[in-house]
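In UniProt numbering, the protein residues as written are 1 to 526.
Encoded structure:
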């Protein structure tokens, strides 16, 4: 005891916080697994934290390996005390037989299989019954083992998973049969449905066959036209009725004009089926996934916004963005092909934060030479934070209209922050706004609006009002230097006496100071 370092005398909770401040580098990242190996004193507290948030890695599909979820199952069967500590679980599984692969990896699957079959016997599914779940375990179907794992977690609050038919295939639309051999929600999952508050899944089928009573947030990572086809009308998915946060990764082809008007299906079909009218935060990530139902050239952004209007009554935060990590997709072409922007935010009375591409908010009608969509003064009255993604130069005129129309500017006192988010390969770069800052950036603060801009790459926000002020100061100093240089030249010409009166007049006229583009008088004229 005398040789024990003083730090070990501290409570375990403080030791874990101290470990959190340890420096990590790219070559030596800080992992709880490494912390477990430091000493026996740190082992129990590191294990507790490690199993509390079991975010298991997904396999790339190119190098098959033993599934970490199966390894976790083996550990929890040996250490039931750790199962009660698991609060969050994320995993990946395939609906395939794994006998050959696990044998190659020297994983003792037989002993684990026997333990799982014994567990099913405890649940009442004896060997005398030809139960599909037992049959899947006997066939060494990977997802069936994960089904056993789900029955061992009495305190689980966050559940995120993806089940695929093959390791490199699409997500399964029916995960329950993959877990249990049939779409039946087994009684031993009743406790899980009482404790889980956050669910992240690739398909809506899992929610349709289960009844979560305390669900607060839902993340759908794969919504395409096929998802909408399987919807059975409003109020058919009971688990999502109480959610307050909804995230959807959606195929852009759901917005196709052909899809909307040819079948009557849209995002509205999903939102009505979820019955999620209490949602306060909605995030939509547009992805190039699935197959187009038409030409794939015209996208109805107006129908998207009208669909969102179904759940807009209590909505406080709305985030719509493109998945620009998909480098193989031309997002600029997609945005330019978005037609019919939103015309009114009357259905969004509670909205406080809005993050949206400019082309879904307003577009420029080249035929009539005017903006189509909503004006800044027509945004929700409670809106405090507006972030416009992938703006183009037409946004300057849109903002100027706001400062000109007093009936708008007086009403928009709630708006505090305007943020422009640019991306180098989508629309125009941020330098188009920062090289010669527009006078509108100095006007908007008079209405209580702070303006910032950033490039998606560096994420560093810059104050546009300060940039305009610095640009003005720099331009003024340059003009003074030019005036002094002109006066010196005039003195030299006078001393030479070689210029006639006509020559002097022409010289003075040619040397006259050119008004700056952002001269206050010129700005007032604009």
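Yeah, the Cβ is synthetic: ideal placement off N, Cα and C, and Gly gets one too. Remember, predicted model here, so these are calculated numbers, not experimental data.
Around the C-beta of residue 338, 16 or more other C-beta atoms lie within 10 Å, and the residue is accordingly described as buried.
Around residue 374, the same chain offers 341, 342, 343, 344, 345, 361 and 362 as residues with beta carbons nearer than 8 Å, after the five sequence neighbours per side are excluded.
In this structure the stretch 215 to 226 touches the stretch 193 to 205; the number of beta carbon pairs closer than 8 Å is three or more. Looking only at 392, 67, 446 and 124, the smallest Cα-Cα distance to residue 415 is reached by 446.
Looking only at 381, 419 and 384, the smallest Cα-Cα distance to residue 395 is reached by 419.
Using a Cβ distance threshold of 8 Å, residue 246 and residue 223 do not count as a contacting pair. Under DSSP, residue 283 takes part in a beta bridge, and its partners are 247 and 319. Cβ-Cβ distances below 7 Å link residue 135 to 181 in the same chain, with the five nearest sequence neighbours on each side left out; the list follows chain order. Note that the stretch 82 to 89 does not touch the stretch 99 to 109; fewer than 3 beta-carbon pairs, one per stretch, sit closer than 8 Å. Contact check for residue 174 and residue 183: beta-carbon distance about 6 Å, within the 8 Å limit, so the pair qualifies.
Straight-line measurement puts the Cα of residue 142 at about 11 Å from the Cα of residue 113.
When DSSP states are grouped into helix, strand and coil, residue 474 belongs to the helix group. Under the DSSP assignment, residue 310 falls outside any beta strand (DSSP E); it carries neither an H nor an E label. DSSP places residue 74 in the helix class (H, G or I) of the three-state scheme. With at least 16 other beta carbons inside 10 angstroms of its own, residue 95 counts as buried.
Contact between residue 274 and residue 312 is ruled out by a C-beta separation of about 14 Å, above the 8 Å threshold.
In this structure, the CA atom of residue 170 is about 9 Å from the CA atom of residue 163. The way I'd put it, the stretch 420 to 429 does touch the stretch 377 to 395; three or more beta-carbon pairs between them come closer than 8 Å. DSSP places residue 342 in the coil class of the three-state scheme, outside both helix and strand.
Scanning 167, 194 and 161 for the CA closest to the CA of residue 179 turns up 161. Taking C-beta atoms as the reference points, residue 455 and residue 430 count as a pair closer than 8 Å. Counting C-beta atoms within 10 angstroms of its own C-beta, residue 44 has fewer than 16 neighbours from the protein chains shown and is therefore classed as exposed.
When DSSP states are grouped into helix, strand and coil, residue 116 belongs to the helix group. Cβ contact annotation for residue 265 (same chain, cutoff 6 Å, sequence separation greater than five): 228, in chain order.
Annotation: the continuous beta strand (DSSP E) that includes residue 455 extends over 450 to 455. Cβ contact annotation for residue 288 (same chain, cutoff 7 Å, sequence separation greater than five): 252, 326 and 329, in chain order. The residues 268, 271 and 272, in chain order, have a CB closer than 7 Å to that of residue 310 in the same chain once the five nearest residues on each side in sequence are set aside.
The C-beta distance from residue 255 to residue 303 rounds to 7 Å, short enough to meet the 8 Å contact threshold. Residue 203 and residue 144 have their C-alpha atoms some 18 Å from each other.
The closest CA to that of residue 70, considering only 243, 82, 397 and 56, is found on 56.
Pairing residue 450 with residue 353, the inter-Cα distance amounts to about 15 Å.
Note on the stretch 179 to 243: whole beta strand (DSSP E) runs with a minimum of 3 residues are 198 to 201 and 217 to 223, in chain order. For residue 48 and residue 67, the gap between their C-alpha atoms comes out near 21 Å. Straight across, the Cα-Cα distance linking residue 124 with residue 147 is about 15 Å. About 7 Å separates the Cβ atoms of residue 386 and residue 417, confirming a contact at the 8 Å cut-off.
In the DSSP secondary-structure assignment, residue 372 is bridged to 363.
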